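A.B. asks: In terms of the working numbering, the sequence shown opens at residue 21 and continues consecutively.
All residues carry an ideal CB built from backbone N, CA and C; glycine is no exception.
Please read all numbers here as calculations on a predicted model, not as lab measurements.
Have a look at this one.
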Amino acid sequence: MIDMIKNGGIIMIPILLCGVAATFIIIERIVYFTGLGKSNKALMSKIVPMISEKDYIGASIECRASSTPTSLVIGRALDSLDFSDEELHRAVETESARQYPRLERFLTALGIISNVATLLGLLGTVTGNIKAFGVLGDGGTMGNPALLAGSISEALVTTAAGLIIAIPSVIAHNFFVVKADRLMTEAENTVSDMMLKIRHGDESKEVSVR
Numbered sequence: 021m022i023d024m025i026k027n028g029g030i031i032m033i034p035i036l037l038c039g040v041a042a043t044f045i046i047i048e049r050i051v052y053f054t055g056l057g058k059s060n061k062a063l064m065s066k067i068v069p070m071i072s073e074k075d076y077i078g079a080s081i082e083c084r085a086s087s088t089p090t091s092l093v094i095g096r097a098l099d100s101l102d103f104s105d106e107e108l109h110r111a112v113e114t115e116s117a118r119q120y121p122r123l124e125r126f127l128t129a130l131g132i133i134s135n136v137a138t139l140l141g142l143l144g145t146v147t148g149n150i151k152a153f154g155v156l157g158d159g160g161t162m163g164n165p166a167l168l169a170g171s172i173s174e175a176l177v178t179t180a181a182g183l184i185i186a187i188p189s190v191i192a193h194n195f196f197v198v199k200a201d202r203l204m205t206e207a208e209n210t211v212s213d214m215m216l217k218i219r220h221g222d223e224s225k226e227v228s229v230r
């Protein structure tokens with residue numbers, strides 16, 4: 021592995037830094053979303069009975085105490101029960117927009133890293149090929165075989181390294197974006213079901229967040 025890194029030349033340094041940053045972001049987001057899912061389940065187990073007993077203030081306090089993006093959206097709805105349906109919907113949309121960046125934290129950086137890693141790999145390919153043609157130009161038809169092999173190795177290693185970083189980063193980025201969208205959509209659907217139950221007495225609507 022060390023020899024492979026050495027063969028990649030100086031371009032490997034920023035590629036490796038991209039890999040370290042991408043790994044940190046992916047691990048952080050996995051931990052965050054796992055904890056968020058557990059927090060949401062714990063919250064709903066507390067507030068669903070409160071809502072059934074019409075303890076909306078207590079349910080709102082629990083949402084604020086949880087302080088997750090989804091709980092704050094639900095809490096905003098509970099605080100807006102005196103509003104008209106249109107005003108409540110607008111308040112929930114505003115809170116969703118305010119909380120969404122928390123779900124997308126670091127994802128823009130992860131997307132940039134995937135693009136940069138690919139481009140750095142391509143740059144290494146170009147510089148490696150330039151060196152290879154330079155060797156051919158200096159040494160005739162075959163040039164120095166050892167130098168030629170080293171230049172070709174640099175081109176291939178940087179390309180492979182860039183793709184090794186970029187591919188998982190792209191997959192993780194798309195996964196987390198979909199996860200964030202789904203969580204916020206579920207929170208808004210929970211609010212809709214909750215309002216049907218509270219305002220219109222629709223007992224068929226079970227209030228829950230997965």
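Can you tell which of S212, R202 and H220 has the C-alpha that lies nearest to the C-alpha of E124?
C.D. replies: Among S212, R202 and H220, the Cα nearest to that of E124 belongs to R202.
A.B. asks: Considering only the beta carbon of each residue, do S59 and S86 sit closer than 7 Å?
C.D. replies: Yes, Cβ-Cβ distance for S59 and S86 is below 7 Å.
A.B. asks: Return the residue from the list M64, S104 and P121 that minimises the CA-CA distance to G95.
C.D. replies: The shortest Cα separation from G95 among M64, S104 and P121 belongs to M64.
A.B. asks: Could you give the distance in angstroms between the alpha-carbon of I175 and the alpha-carbon of E48?
C.D. replies: Checking the sequence, you will find Ala at residue 175 rather than Ile. Spanning the two alpha carbons is a distance of roughly 32 Å.
A.B. asks: At 4 residues or longer, and completely inside the region 62-149: list those alpha helix (DSSP H) runs for me, N to C.
C.D. replies: Listed in chain order, the complete alpha helix (DSSP H) runs (minimum 4 residues) inside the region 62-149 are 76-86, 89-99 and 105-123.
A.B. asks: Could you give the DSSP three-state label for I191: helix, strand or coil?
C.D. replies: Helix, per DSSP.
A.B. asks: Please classify I1: does DSSP put it in a helix, a strand, or coil?
C.D. replies: Since the first residue of the chain shown is 21 and the last is 230, residue 1 is not available in this structure.
A.B. asks: Mind reading off the beta-carbon distance from T178 to I35? Whole number of angstroms is fine, and I expect it under 8 Å.
C.D. replies: Rounded, the Cβ-Cβ distance is 7 Å, consistent with contact.
A.B. asks: Just checking my contact of P89 with R122 at CB under 8 Å: how many whole Å lie between their CB atoms?
C.D. replies: So it is a contact: roughly 5 Å between Cβ atoms.
A.B. asks: Once the 5 residues before and after V136 are set aside, which same chain residues still bring their CB inside 7 Å of it?
C.D. replies: Excluding sequence neighbours, V136 sits near C38.
A.B. asks: Evaluate I67 with the Cβ neighbour count: other Cβ atoms within 10 Å of its Cβ, from every protein chain shown; 16 or more gives buried, anything less gives exposed.
C.D. replies: Buried is the call here.
A.B. asks: With C-beta atoms as the reference, is S134 less than 7 Å away from V93?
C.D. replies: No, Cβ-Cβ distance for S134 and V93 is not below 7 Å.
A.B. asks: Can you give the Cα-Cα distance for G55 and K61, rounded to whole angstroms?
C.D. replies: Computed Cα separation, rounded: 10 Å.
A.B. asks: Since C83 contacts L98 with CB under 8 Å, what's their CB separation in whole angstroms?
C.D. replies: Yes, C83 and L98 are in contact; Cβ-Cβ is about 7 Å, under 8 Å.
A.B. asks: Distance check for R118 and A186, CA to CA, integer angstroms please.
C.D. replies: Cα to Cα, the separation comes out at about 30 Å.
A.B. asks: Since I184 contacts G148 with CB under 8 Å, what's their CB separation in whole angstroms?
C.D. replies: About 17 Å separates the two Cβ atoms, so there is no contact after all.
A.B. asks: If you count every other CB in all the chains shown that lies within 10 Å of the CB of E73, and 16 or more means buried, which is it?
C.D. replies: Exposed, by the Cβ-count rule.
A.B. asks: Taking the alpha-carbon positions, what's the D75 to I218 distance?
C.D. replies: Cα-Cα distance, rounded: 11 Å.
A.B. asks: Using CA atoms only, rank isn't needed, just tell me which of I30, T114 and H193 is closest to G131.
C.D. replies: It is H193 whose Cα lies nearest to the Cα of G131.
A.B. asks: Leaving out five residues on either side along the sequence, give the residues of the same chain with a beta carbon under 6 Å from the beta carbon of G29.
C.D. replies: So the list reads E174, once near-sequence residues are dropped.
A.B. asks: May I ask you to report which of helix, strand or coil DSSP gives T161?
C.D. replies: Note that T161 scores 49 on pLDDT, short of 50, meaning its location in the model is unreliable and no value can be drawn from it.
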